[in-house]
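*Asks:* Encoded as structure tokens, here's the structure I'll be asking about.
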Amino acid sequence: MSLLRTAARTMLASFFVLNGVKTVKEPHDLVPATQPLADAIVPLVQNAAPEQIARYIPTDTVTLVRIQGIAQVVGGIALATGKARRAGALVLAGSLVPQTVAHYAFWSEKDPEHKSAKREQFAKNLALAGAALLAAQDTEGKPSLAWRAQAGTERGRKSVQRGAKRAKKDAKALARAAQREGELRAKDLHLGLK
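Residues in the sequence shown are numbered consecutively from 1, following full-length UniProt numbering.
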């Protein structure tokens with residue numbers, strides 16, 4: 001693991017951990033903006049989830065906001081420590097979606113100053129989501145499983161081609177040797193040598 005990767009992941013994770021802790025401690029500041037999104041999405045999730053799971057999905061917006069904060073803390077710690085870093089980075093990217101849509105919907109803002117401020121925050125969150133997705137994709141310079149499988153398949157294909165070429169060459173050599181041996185036997189029979 002390189003020092004640069006470790007430092008970059010820790011810097012990125014620090015934002016999410018601090019934001020998540022603040023969200024868990026002070027969820028009431030975020031509830032008014034989150035309420036309409038929660039009212040729209042929670043029933044959809046409850047309908048889509050199996051009944052055994054649906055009854056445990058919280059409907060209280062304060063709880064939902066705290067869950068988002070906890071997700072950011074856990075994802076940030078996973079990213080910073082390198083333990084399940086790729087999964088943690090995906091959690092972080094996903095945690096930004098509801099927050100960004102609920103709090104920074106600049107398109108519905110009438111006041112130009114508020115619209116500009118929300119647009120900046122929206123762009124910042126979009127950039128953070130992109131950074132988290134890049135962190136989720138990072139394999140630390142090691143080839144991905146898909147690449148290794150494809151490279152292994154290619155090596156196998158080339159090996160089979162070389163083997164087939166060698167077998168064809170050996171078969172031709174054997175055919176020539178058999179033909180020469182046959183010609184010699186025929187010559188011996190013709191001359192009466194046995």
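Heads up, the beta-carbon is just placed ideally off N, CA and C, and yes, glycines get one too. All values reported here derive from a predicted model rather than from experimental measurement.
#1: Under DSSP, the alpha helix (DSSP H) around residue 103 begins and ends at which residues?
#2: From residue 38 to residue 76, what does the alpha carbon distance come to, in whole angstroms?
#3: Heavy atom of the ligand SAH less than 6 Å from the Cβ of residue 45, yes or no?
#4: What do you reckon, are the CB atoms on residue 73 and residue 20 nearer than 7 Å?
#5: Would you say residue 61 and residue 31 are within 7 Å of each other, going by their C-beta atoms?
#6: Can you give me the C-alpha to C-alpha distance between residue 5 and residue 140, rounded to a whole angstrom?
#7: Please return the same chain residues whose Cβ sits closer than 6 Å to the Cβ of residue 102, not counting the five positions on each side in sequence.
#8: Use the C-beta contact count for residue 135: other C-beta atoms within 10 angstroms, 16 or more gives buried, fewer gives exposed.
#9: Assign residue 27 to one of two classes, buried (16 or more other C-beta atoms within 10 Å of its C-beta) or exposed (fewer than that).
#10: The alpha helix (DSSP H) spanning residue 199 covers which residue range?
#11: Looking at the secondary structure, which residues open and close the alpha helix (DSSP H) in which residue 124 lies?
#12: Just the C-alpha distance for residue 109 and residue 2, rounded to the nearest angstrom, thanks.
#13: Please go through the same chain and pick out, in chain order, the residues whose beta-carbon is closer than 6 Å to the beta-carbon of residue 121, but skip the five residues on each side of it.
#14: Kindly indicate which three-state DSSP category residue 50 falls into: helix, strand or coil?
#15: Do you know how far the Cα of residue 148 is from the Cα of residue 142?
#16: Taking all protein chains shown into account, do 16 or more other C-beta atoms lie within 10 angstroms of the C-beta of residue 14, making it buried, or fewer, making it exposed?
#17: Determine, using beta carbons only, whether residue 10 and residue 117 come nearer to each other than 7 Å.
*Replies:* Working from what's here:
#1: 85-103
#2: 23 Å
#3: As far as ligands go, the structure on display features none, and thus does not contain the ligand SAH.
#4: yes
#5: yes
#6: 8 Å
#7: 33, 34 and 37
#8: buried
#9: buried
#10: The structure shown does not extend to residue 199, since the chain is modelled only from 1 to 194, so the question has no answer here.
#11: 112-137
#12: 44 Å
#13: 104
#14: coil
#15: 10 Å
#16: exposed
#17: no
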